[in-house]
Every structure is written in structure tokens, then in C-alpha cells.
Amino acid sequence: MKFIKINRHANEIAFLVLWALGGLLLYLYFYGVRPGFLNVSVPAIASTYLEKRYFLVVQTNLLDELAFACFIGGLYALFFLGLRHSSSISFFEEAFYFAVKWSLLLLLVFYFLFYGYVALLALVFGLVVFFLMFYIKYNYS
């Protein structure tokens with residue numbers, strides 16, 4: 619299956635809107651504007667703010683997580699909105715699209731399950747996962 623762009627501007631507009639929204643949310647987060655309704659308890663695999671804790675429920679404000687979700691959604695829109703399937707595709711293209719799609723999803727999941735400094739390690743791990751997924755899909759499909 620080959621992906622063909624059918625509407626290039628739709629994905630670029632969605633990308634820009636989501637990144638602008640993510641930028642606004644991140645701006646609010648860094649300047650201390652954190653709405654109370656976004657203070658929720660969430661499950662976490664790891665939290666490393668002041669102390670290292672694992673497999674627990676943490677209290678957090680979801681503003682920065684929503685900003686990151688907008689950034690990931692914008693990247694997804696840039697790559698995949700406005701695409702339709704065609705009958706021919708190279709193994710390289712198929713492996714690349716597979717790796718991008720699943721890596722973005724894993725990055726999003728990682729960011730919602732790891733809090734504090736360990737989230738940065740999870741994001742670096744997400745980059746490694748991208749290359750591994752691409753390599754495995756390309757060489758073993």
C-alpha cells in the first residue's frame with residue numbers, strides 16, 4: 619500500500635493549529651497559570667519530582683501533558699492527515715510510516731505514564747524505539 623497526499627494543506631493547517639495550541643498551553647504552564655480543573659490524580663509507572671516512586675497514582679496538573687499531546691497530534695497530522703492508500707509502496711516507505719505512527723503513539727503513552735525527570739528518559743527511549751521499529755519492520759517484513 620502506498621500513501622498519496624490528497625490534500626496537502628489540510629495536514630499543514632492541522633499541524634499549525636495543534637502546535638499553536640500546544641505552544642499556548644506550554645506558555646501558560648511555564649508562567650504558572652494552571653487551571654484547577656486540570657489537577658487530577660493519574661496512574662504513573664514512575665514519578666521522580668522530589669523522590670523516586672514507582673507504580674502509583676500521582677496528583678498532577680495536566681496542562682503540560684495536554685501541550686505535549688497537541689505537539690504529538692500536530693506531528694501525526696503533518697504525516698498522516700490527507701493521505702490515502704494506493705497499491706504500490708516500497709518496503710522502506712512502509713517501514714518508515716509504521717515506525718513514525720507507532721513511535722508517536724508510544725511517545726504519547728510514555729509522557730502520560732512517566733512524570734518528572736524520568737519522562738525525559740522515556741522520551742529518549744521513544745527515539746530508540748523508532749529506529750528499532752523501523753529496522754525490524756524494514757528487515758523482517
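Going left to right, the sequence shown walks through residues 619 to 759 as this note's numbering numbers them. Cβ atoms here follow ideal geometry from the backbone N, Cα and C, with glycine treated the same way.
For L724 versus V742, is the C-beta spacing smaller than 7 Å?
Residue mapping note: residue 724 aligns to position 106 of the sequence shown, counting from 1. Residue mapping note: residue 742 aligns to position 124 of the sequence shown, counting from 1. No; because the gap between Cβ atoms is not below 7 Å, this pair is not in contact.
Could you tell me if A638 is buried or exposed, where buried requires 16 or more neighbouring beta carbons within 10 angstroms of its beta carbon?
Here residue 638 refers to the residue found at position 20 when the sequence shown is read from its first residue. Exposed.
What is the C-beta distance between A664 and F732, in whole angstroms, given that I count them as a contact (C-beta under 8 Å)?
In the sequence shown, the residue the question calls residue 664 occupies position 46. In the sequence shown, the residue the question calls residue 732 occupies position 114. Yes, they are in contact, since the Cβ atoms of A664 and F732 sit about 5 Å apart, within 8 Å.
Assuming L680 and V651 are in contact, meaning their beta carbons sit under 8 Å apart, how far apart are those beta carbons, in whole angstroms?
Taking the sequence shown and counting its residues from 1, the one referred to as residue 680 is at position 62. Taking the sequence shown and counting its residues from 1, the one referred to as residue 651 is at position 33. The Cβ separation is near 13 Å, so there is no contact.
Tell me the rounded alpha-carbon separation between F673 and L739.
Counting from 1 along the sequence shown, the entry for residue 673 is found at position 55. Counting from 1 along the sequence shown, the entry for residue 739 is found at position 121. In a straight line, the C-alpha of F673 is about 17 Å away from that of L739.
In its own chain, which residues sit with a C-beta less than 8 Å from the C-beta of D682, not counting the 5 before and 5 after it?
The count along the sequence shown starts at 1 and reaches residue 682 at position 64. L643, L644 and Y647.
So, at 6 Å on beta carbons, what are the nonlocal neighbours of K755 in its own chain, with the 5 sequence-adjacent residues on each side left out?
By one-based count along the sequence shown, residue 755 stands at place 137. Cβ within range, chain order: A713 and F716.
Hey, A695 and G640 are a contact pair by Cβ (cut 8 Å); roughly how many whole angstroms apart?
Taking the sequence shown and counting its residues from 1, one reaches residue 695 at position 77. Taking the sequence shown and counting its residues from 1, one reaches residue 640 at position 22. About 12 Å separates the two Cβ atoms, so there is no contact after all.
Excluding sequence positions up to five away, which residues of its chain have a Cβ less than 6 Å from the Cβ of Y667?
Position 49 of the sequence shown, counted from the first residue, corresponds to residue 667. Here the set comprises G734.
Is the Cβ-Cβ distance between L634 and C688 less than 7 Å?
For this step, residue 634 is matched to residue 16 along the sequence shown. For this step, residue 688 is matched to residue 70 along the sequence shown. No, the Cβ-Cβ distance between L634 and C688 is not below 7 Å.
Under 7 Å between the Cβ atoms of F726 and L693?
Here residue 726 is taken as the residue at index 108 of the sequence shown, counted from 1. Here residue 693 is taken as the residue at index 75 of the sequence shown, counted from 1. Contrary to the premise, residue 726 reads as Leu rather than Phe in this sequence. Contact: no.
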